[in-house]
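Counting in numbering that gives the first Met the number 0, the sequence shown runs from 0 upward without gaps.
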Amino acid sequence: MSQELPTAISARVSSIALIGLEPAAVDVELQLSSGMPSFTIVGLPDKAVAESRERVRAALSSLQLALPSKRITVNLAPGDLLKEGSHYDLPIALGLLALMRIVPSDLCEGAIVMGELGLDASIRPVPGILAAAIDASGRNMSLICPQGSASEAALIGTDLNIIAAADLLTLIQHLRGEIVLPQPVADEIRDESNFRDLRDIKGQESAKRALEIAAAGGHNLLMSGPPGSGKSMLAARINGLLPRLTSTEMLEVALIASVGGRLAERRLSRLPPYRSPHHAASMAAMVGGGSHARPGEISLAHNGVLFLDELPEFGRQVLEALRQPLETGVVTVSRARCHVTYPARVLLVAAMNPCRCGHMGDPGLACSKAPQCGRDYQKRISGPLFDRIDLHVDVPAVSPRDLSLPVPGEDSKNVAARVAAARKVQRERFAASNRADLRCNAMMEGEILYALCPIDHDAHVILDRSIEKLRLSARGYHRVIKVARTVADLDGCDTIKRVHIAEAVSLRHKVARA
């Protein structure tokens, strides 16, 4: 006579794993079966996921709920995808509650669930909620998330059904129909206007002009000068010149910040990001990586400014790692199990002293090793990295006469208006050429560069002579044309003329190299 086997009870809850910015579907499968009481999580979990069983056990205990005295198996499928993070706490807890018939199992099947549980059954915010909301909207599913992440989930502005609770008890009551949680509303878009003004900087007219060109065309800028000449002050004011972000750009910036757990106050902002990492930053901090392959500073600055002060003080490998992202606008972080790609389209603004002591060229202040110390100092920056910087400008020490001058008349608002007008011309030009994916002149490559940058005869003569004299590379040649295109846009000219090429060439390789 055959023995009847006990029937196992199972449940399934949907969640996601983040591979860079891309969400991958994860099925949280739970099963109760006969055997010694145990709680096992399988499916390639990391340490944070493995610890979920203790957080879930404590959270249920705080609600006076005990785990079933059975063998509990949690499978995170697919099994060959590494599961990282604490956001699997909530789907595991909901699956157990469904197995215990405390919440309806069918309500969990059509939702993506993310959230970390506290020992008191509170539901804490986790990174990547915005990516989960976008994925849920695309799959026509609901989203169950922490209340602290509700406004972030609502940023996508669709009819997505969002269930956001502050604690597990409130979520249970909502799922059982005892209360109704309100639909969250995204916070208002921030549009700060309290920028540091260019009027605060006395003198340095050449540097201010280079700052305007950099903002108008998205061109990388390097400022070189002695300590205290105003390089950092100039860089801090470029955000006041840049155009506000479009809706698409805002969402891109917010998505990167969300995955990195850095979305400030869960709000969208029209302000371009501004990142200024310390020169002791590691390669993983700069380009992304670490055990969780998080986005680095160059990705967090996407659609904004990456300011590197004291450029030669950064590690050589860190600076060399920036070469490819500055050229392509993306950075790829390779790990044994995955390759993660993050966007990294930034406006690089860098500052450096001419030498370690900072006073090369001033006989009264320079050290005894000048000018050799300057050559050695600048050799820390490779030629290929220099070649990717469009604008090189000297920022000399400010004289006492300049400091005693009255406040200059032109402020950031007037310069920003010219930058906005130039950017508008560029967008219209790109749209007319069916290249709406381009956002500024610095992004032009290949045939589109020659098609949109007509150069008159006299300008060509100067350009050809400059190539021979400065021995420009092909990249440098193209970048001079792009800068000249931006200067022409600021002047309101359709054709690049002699004066535009001359100014672009004058801003190329102004830093003396050994």
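Built from N, CA and C at the ideal position, the CB exists for glycine as well.
All values derive from a computational prediction rather than experimental measurement.
Within the segment 317 to 355, the complete beta strand (DSSP E) segments at least 3 residues long are 329 to 333, 338 to 342 and 346 to 351, listed from N- to C-terminus.
Judged by their CB atoms, residue 393 and residue 482 are not nearer to each other than the 7 angstroms cut-off. With 16 or more other Cβ atoms from the protein chains shown falling within 10 Å of its own Cβ, residue 438 counts as buried. Bridge pairing for residue 210: absent [DSSP]. 7 angstroms or more divides the Cβ of residue 261 from the Cβ of residue 244. For residue 72 and residue 91, the gap between their C-alpha atoms comes out near 10 angstroms. Contact between the segment 19 to 36 and the segment 61 to 77 is present: 3 or more CB-CB pairs across the two stretches fall below 8 angstroms. Rounded to the nearest whole angstrom, the CA to CA distance from residue 30 to residue 284 is 40 angstroms.
Note that the C-beta distance between residue 397 and residue 202 is below 7 angstroms. Cβ-Cβ separation between residue 421 and residue 231: approximately 25 angstroms, too far for a contact (criterion under 8 angstroms). The three-state reading of DSSP puts residue 291 in coil, since its state is none of H, G, I, E or B. Residue 458 is positioned such that its CB atom lies closer than 7 angstroms to that of residue 495. With fewer than 16 other Cβ atoms from the protein chains shown falling within 10 Å of its own Cβ, residue 427 counts as exposed. With a cut-off of 8 angstroms on Cβ pairs, the segment 379 to 386 is in contact with the segment 312 to 319, counting three or more such pairs.
As DSSP reads the structure, residue 163 sits in a beta bridge with 144. Taken through DSSP and simplified to helix, strand or coil, residue 274 comes out as strand.
If you draw a straight line from the Cα of residue 53 to the Cα of residue 355, it comes to about 54 angstroms. Taking the C-beta atoms as reference points, residue 219 is found nearer than 7 angstroms to residue 347. Rounded to the nearest whole angstrom, the C-alpha separation of residue 275 and residue 97 is 48 angstroms. Going by beta carbons, residue 343 and residue 297 fall inside the 7 angstroms limit. CA-CA distance, residue 134 to residue 484, rounds to 40 angstroms.
Counting along the chain, residue 466 sits inside no beta strand (DSSP E); it lies in the alpha helix (DSSP H) bounded by residues 456 to 469. Ranking 40, 506 and 47 by CA distance to the CA of residue 74 puts 40 first. Each residue's CA atom was taken as its position, placing residue 248 and residue 241 some 13 angstroms apart.
Counted as a single uninterrupted DSSP element, the alpha helix (DSSP H) harbouring residue 413 occupies residues 411 to 431. Here residue 55 is not near residue 87, since their CB atoms are 7 angstroms or more apart. No Cβ-Cβ contact shorter than 7 angstroms links residue 154 with residue 102. Contact between residue 9 and residue 112 does not hold, since the beta-carbon distance rounds to 17 angstroms and is not under 8 angstroms.
Nearest Cα to residue 28 within the set 18, 12 and 16: 12. Taking all protein chains shown into account, residue 228 has 16 or more neighbouring C-beta atoms within 10 Å of its C-beta and is therefore buried. Membership of residue 91 in any beta strand (DSSP E) is not indicated; the residue belongs instead to the alpha helix (DSSP H) covering 88 to 98. Restricting attention to 478, 286, 479 and 64, the CA atom closest to the CA of residue 100 is found in 64.
Within the model, the alpha-carbon separation for residue 506 versus residue 117 is close to 56 angstroms. Residue 30: member of the beta strand (DSSP E) spanning 21 to 32, first to last residue. Secondary structure at residue 74: strand, using DSSP grouped into helix, strand and coil.
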